[in-house]
Amino acid sequence: MIADTGDSLTSSFFARPVLTVARDLLGTVLVTASGARVRIVETEAYGGTDDPASHAGRGPTRRSEVMFGPPGFAYVYLVYGVHHCLNLVTGPAGDPSAVLIRAAEPLAGVAPRPDTPAHRLCAGPGLLCRSLGIDLNLNGAPVAADLPGAGALRLLAGGEPGPVVASGRIGIRRATRRQWRFTMAGNPGLSR
DNA sequence: GAACCGATTGCCT
DNA sequence: GGCAATCGGTTCG
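Going by this note's numbering, the letters in the first sequence line up with residues 4 to 195, in that order.
Right, here's the structure in full:
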């Protein structure tokens, strides 16, 4: 029997403007190949027409080339040589934009850790990737359900996210005034 | 080719 | 609050 993917997000969801996708990803459920499920509670938008804080800001590199491709694919990179960050490519092909998944709240299948409350296991982009086993192997992987080979990562449509707050992006030095960070108000799983 | 910086986190004082 | 870990990209010589 074929798995029911009727609630899975497809390319048309990701093909929209990056700010719209970043906002609408709140409340959706990320599912890994191992069956872990987390609800996204914090995102940030990067790229678009002119974003000096984006990896794509000065043309494609070997690292950022996925951002320049079609929507619905994962862009995973290494920060500070230590942690991985998960992004989802948005907009039409050629528009180098993506949404950074900054935090989520575990629903099922996330391994506990000593001295870490469950709701903090994915409370940051690096923590989220570590808890879900996401690394460079998933860079360029198809996420939208209609793409060939999709399945290593899936997104399920979520319920109402509740009140959403737009604020300045964090952890960067450039273009911090843009209100491109989206959070579920008051959620305990937000990054610090 | 060397020096510096970065979409982070955890451990130190 | 400071800082190390550690790698890719950018900048400068």
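Quick reminder that beta carbons are idealized off the backbone N, C-alpha and C, glycines included.
Per the Cβ contact rule, the segment 153-160 is not in contact with the segment 112-120 (fewer than 3 Cβ pairs under 8 Å).
Within the DSSP bridge table, the entry for Thr46 names Ile104, Phe185 as partners. By the CB criterion at 9 Å, Leu141 and Ala155 fall inside the cutoff. Under the DSSP assignment, Ser170 falls outside any alpha helix (DSSP H), being part of the beta strand (DSSP E) whose first and last residues are 167-170. Judged by DSSP in its simplified three-state form, Leu89 adopts strand. Around the C-beta of Ile43, 16 or more other C-beta atoms lie within 10 Å, and the residue is accordingly described as buried.
Nearest in C-alpha terms to Gly165, of all of Leu28, Gly75, Ser11, is Leu28. With respect to the 9 Å criterion, Ala59 and Ser100 are classified as neighbours on the basis of their beta carbons. If you draw a straight line from the Cα of Ser170 to the Cα of Ser194, it is about 13 Å long. With a cutoff of 9 Å on beta-carbon distance, Ala96 and Phe71 are scored as near each other. Take the alpha-carbon of Ala144 and the one of Val34: they are about 14 Å apart.
A residue is called buried once 16 or more other Cβ atoms fall within 10 Å of its Cβ, and Thr46 is buried on that count.
Taking C-beta separations shorter than 6 Å and ignoring five residues to either side along the sequence, the partners of Val168 in its chain run Thr186, Ala188, following chain order.
According to the DSSP assignment, Leu158 belongs to no alpha helix (DSSP H) but to the beta strand (DSSP E) extending over 156-159. Contact check for Leu131 against Ile104 passes: the beta carbons are separated by less than 9 Å.
Just measuring C-alpha positions, the residue of Leu91, Gly129, Leu124 sitting nearest Arg19 is Leu91. Ranking Leu135, His86, Asp54, Ala148 by CA distance to the CA of Asp98 puts Asp54 first. Boundaries around Ala25 are those of the alpha helix (DSSP H), 21-27, since no beta strand (DSSP E) includes it.
Arg176 has its alpha-carbon roughly 37 Å from the corresponding atom of Pro151. Taking all protein chains shown into account, Ser37 has fewer than 16 neighbouring C-beta atoms within 10 Å of its C-beta and is therefore exposed.
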